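Residue numbers (the working numbering): -8 to 394. Glycine included, every Cβ here is placed at the ideal spot set by N, Cα and C. Please read all numbers here as calculations on a predicted model, not as lab measurements. Structure record follows, encoded as structure tokens.
This is the structure we're talking about:
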């Protein structure tokens, strides 16, 4: 299909007001923006906290901020002031979706909570991300990704399987990112529910509940047995061979999900005789003899490099991969990245679209905004405030517009 409608991004025309800070909130509106929504990031006059997080580009712009605020426009106001709240309400009235990730109660204390803004705009979908949910004894607790990894049990199952070794955090902000994805799903469901003429509603995402959802295997194993899951290192807790194995020059991850795949892998490794031995014929037996099986596989892998084994095993249908670092990821799989051009920071490689649509393009290559870059155009041209008001508010320190 070649029509203009077919090639339009799927959320074209949707207006999103992003009050998010750091990561869990901003990543929501980045996804919505990539799908075509017009996203206005309403940030403090000093900027989103992540603007101060390094490493910094040569111009002082934060790489952290630029990675998850792509495709947005920036309006900078102090929402603690009357003019700041006036701007926020004006933007909320014209928005389909509002996203925020303050602690529960902060927006209410500012006078811009859900009940207030729903009166201003009954069709508004008001999405909140919080650490422990909006209600209950833990609602007021501050939350950060690593804290929720700890509180939600994720840290307890991550790290070395060796006795006495401490658990570790996952090496990226997985709870923030997945909380953002769950919030995006909730927003899309609320938009579908709202339809053409229905009311909006509130969407609340708990980072703790998100972490519990990520813990599907440990939770189910504990629910159906007495085991309290512990770290397994690189190994799968219930399937073998499913682990990182040493080669002549590094590590190779081999994943076999059932007996058939395990037999394919063993045959491709030149170890077909193991397929009929009672100790290795079934997954139950392989798990009972996992350490010995790993030793045998590593003895075989030691004869060649990781790359040489990939060249043998991948064509044979064995799920396997070198354990790549970020530099190797960029070099081996450039198709998952986009180049983002920035007027002051220059070009950078960023993660591209995690999914594609046959008739609707996505845009993860649009850059993040400079602080207050769009304050003037949004307040004057779209919200209808006067130049005199803008000038006065700037003098008061309530609004910042980039010169």
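Exercise for the section: Please classify residue 270: does DSSP put it in a helix, a strand, or coil? Expected result: In the chain shown, counting from the first residue as 1, residue 270 sits at position 279. Residue state, collapsed to three classes: coil.
Problem - residue 34, enclosing alpha helix (DSSP H) - first and last residue - result: Stepping through the chain shown from its first residue, residue 34 is reached at position 43. Not the alpha helix (DSSP H): residue 34 falls in the beta strand (DSSP E), residues 29 to 34.
Practice task
Give me whichever residues DSSP pairs with residue 279 in a beta bridge.
Solution key: The residue you call residue 279 lines up with position 288 of the chain shown. Per DSSP, none; premise fails for residue 279.
Problem - Whole-angstrom distance between residue 115 and residue 82, CA atom to CA atom - result: As a position in the chain shown, residue 82 is number 91, starting the count at 1. As a position in the chain shown, residue 115 is number 124, starting the count at 1. Going from the Cα of residue 82 to the Cα of residue 115 covers about 11 angstroms.
Exercise for the section: Count the C-beta pairs between the segment 290 to 297 and the segment 334 to 348 that are closer than 8 angstroms, then say yes if the count reaches three, no if not. Expected result: no
Handout entry: Whole-Å CB distance - residue 88 paired with residue 178, under 8 angstroms assumed
Key = The residue labelled residue 88 in the question sits at position 97 within the chain shown. The residue labelled residue 178 in the question sits at position 187 within the chain shown. Their Cβ separation, rounded to whole angstroms, is 6 angstroms, which keeps residue 88 and residue 178 in contact under 8 angstroms.
Practice task
With a cut-off of 8 angstroms on the beta carbons, I'd call residue 121 and residue 141 a contact; round off their distance for me.
Solution key: Indexing the chain shown from 1 puts residue 121 at position 130. Indexing the chain shown from 1 puts residue 141 at position 150. 17 angstroms between Cβ atoms; not a contact.
Handout entry: residue 31 versus residue 78 - alpha carbon distance
Key = Within the chain shown, numbered from 1, the residue matching residue 31 stands at position 40. Within the chain shown, numbered from 1, the residue matching residue 78 stands at position 87. The straight-line gap from Cα to Cα measures roughly 12 angstroms.
Exercise for the section: Count the other CB atoms, across all protein chains shown, that sit within 10 Å of the CB of residue 42; report buried if there are 16 or more and exposed otherwise. Expected result: Position 51 of the chain shown holds residue 42. By the neighbour-count rule (16 or more Cβ atoms within 10 Å), residue 42 is buried.
Practice task
Determine the contact status of residue 359 and residue 60, defining contact as a CB-CB distance below 8 angstroms.
Solution key: Residue 359 sits at position 368 when you count from the first residue of the chain shown. Residue 60 sits at position 69 when you count from the first residue of the chain shown. In contact: residue 359 and residue 60 (Cβ atoms closer than 8 angstroms).
Problem - Backbone CA spacing between residue 332 and residue 1 [nearest angstrom] - result: For the purposes of this step, residue 332 is identified with residue 341 of the chain shown, where counting begins at 1. For the purposes of this step, residue 1 is identified with residue 10 of the chain shown, where counting begins at 1. Between residue 332 and residue 1, the C-alpha separation is close to 23 angstroms.
Exercise for the section: Below 6 angstroms CB to CB, which residues in the same chain sit around residue 147 once its five sequence neighbours on both sides are set aside? Expected result: Indexing the chain shown from 1 puts residue 147 at position 156. Hits under 6 angstroms: 158.
Practice task
Taking only the alpha-carbon atoms, compute the straight-line gap between residue 72 and residue 56 and give it to the nearest angstrom.
Solution key: Taking the chain shown and counting its residues from 1, the one referred to as residue 72 is at position 81. Taking the chain shown and counting its residues from 1, the one referred to as residue 56 is at position 65. The straight-line gap from Cα to Cα measures roughly 25 angstroms.
Exercise for the section: Give the C-beta separation of residue 52 and residue 335 to the nearest angstrom, bearing in mind that I take them to be a contact with Cβ-Cβ under 8 angstroms. Expected result: Taking the chain shown and counting its residues from 1, one reaches residue 52 at position 61. Taking the chain shown and counting its residues from 1, one reaches residue 335 at position 344. At roughly 6 angstroms, the Cβ-Cβ gap stays under 8 angstroms, so residue 52 and residue 335 are in contact.
Problem - Alpha-carbon spacing of residue 243 relative to residue 235, whole angstroms - result: Working through the chain shown from its first residue, we reach residue 243 at position 252. Working through the chain shown from its first residue, we reach residue 235 at position 244. Straight-line Cα distance between these residues: approximately 5 angstroms.
Exercise for the section: In the DSSP assignment, find the unbroken beta strand (DSSP E) run with residue 339 in it and report its ends. Expected result: Walking along the chain shown from the start, residue 339 turns up at place 348. 339 to 342 is the extent of the beta strand (DSSP E) around residue 339.
Handout entry: Cβ-based neighbour list, residue 356, same chain, cut-off 6 angstroms, excluding 5 preceding and 5 following
Key = Against the chain shown, residue 356 aligns to sequence position 365. 329, 331.
Handout entry: Terminal residues of the alpha helix (DSSP H) in which residue 368 lies
Key = For the purposes of this step, residue 368 is taken as residue 377 along the chain shown, with counting starting at 1. Unbroken run through residue 368: none, as it is neither H nor E.
Exercise for the section: Enumerate in chain order the residues of its own chain whose CB-to-CB distance from residue 420 is below 7 angstroms, with the five nearest sequence positions on each side excluded. Expected result: It is not possible to answer for residue 420, since the shown part of the chain is limited to -8 through 394.
Handout entry: Nearest residue (CA-CA) to residue 144, options 126, 222, 350
Key = One-based indexing of the chain shown puts residue 144 at position 153. Closest option to residue 144, Cα to Cα, is 222.
Exercise for the section: For residue 323, count neighbouring C-beta atoms within 10 Å of its own C-beta (all shown protein chains included) and say buried if the count is 16 or more, exposed if not. Expected result: Position 332 of the chain shown, counted from the first residue, corresponds to residue 323. The residue is exposed, with fewer than 16 neighbouring Cβ atoms inside 10 Å.
Handout entry: Neighbourhood of residue 246 by C-beta, 6 angstroms cutoff - its chain only, sequence neighbours within 5 removed
Key = Residue numbering aside, residue 246 sits at position 255 when the chain shown is read from its first letter. Contacts found: 233, 310.
Handout entry: Runs of beta strand (DSSP E) lying entirely within the segment 117 to 197, each at least 3 residues, in chain order
Key = 193 to 197
Practice task
Would you kindly work out how many angstroms separate the C-alpha atoms of residue 160 and residue 151, rounded to a whole number?
Solution key: Taking the first residue of the chain shown as position 1, residue 160 is located at position 169. Taking the first residue of the chain shown as position 1, residue 151 is located at position 160. Roughly 11 angstroms separates the two Cα atoms.
Handout entry: Distance between beta carbons of residue 44 and residue 388, contact taken as under 8 angstroms
Key = Reading the chain shown from its first residue, position 397 is the one you call residue 388. Reading the chain shown from its first residue, position 53 is the one you call residue 44. About 24 angstroms; that fails the 8 angstroms criterion.
Exercise for the section: State the CB to CB distance for the pair residue 409 and residue 65, rounded to an integer number of angstroms; the pair is presumed to be in contact (CB under 8 angstroms). Expected result: Here the chain covers residues -8 to 394 and nothing more, so residue 409 does not appear.
Handout entry: Among 285, 196, 174, nearest to residue 227 - alpha-carbon criterion
Key = Stepping through the chain shown from its first residue, residue 227 is reached at position 236. Residue 227 has its Cα closest to that of 285, out of 285, 196, 174.
Handout entry: Of the residues 34, 378, 48, 250, the one placed nearest residue 275, counting alpha carbons only
Key = Residue 275 sits at position 284 when you count from the first residue of the chain shown. For the residues 34, 378, 48, 250, the minimum Cα distance to residue 275 belongs to 250.
Problem - residue 65 - partner residues in DSSP beta bridges - result: The residue you call residue 65 lines up with position 74 of the chain shown. Answer by DSSP bridge pairing, in chain order: 32.
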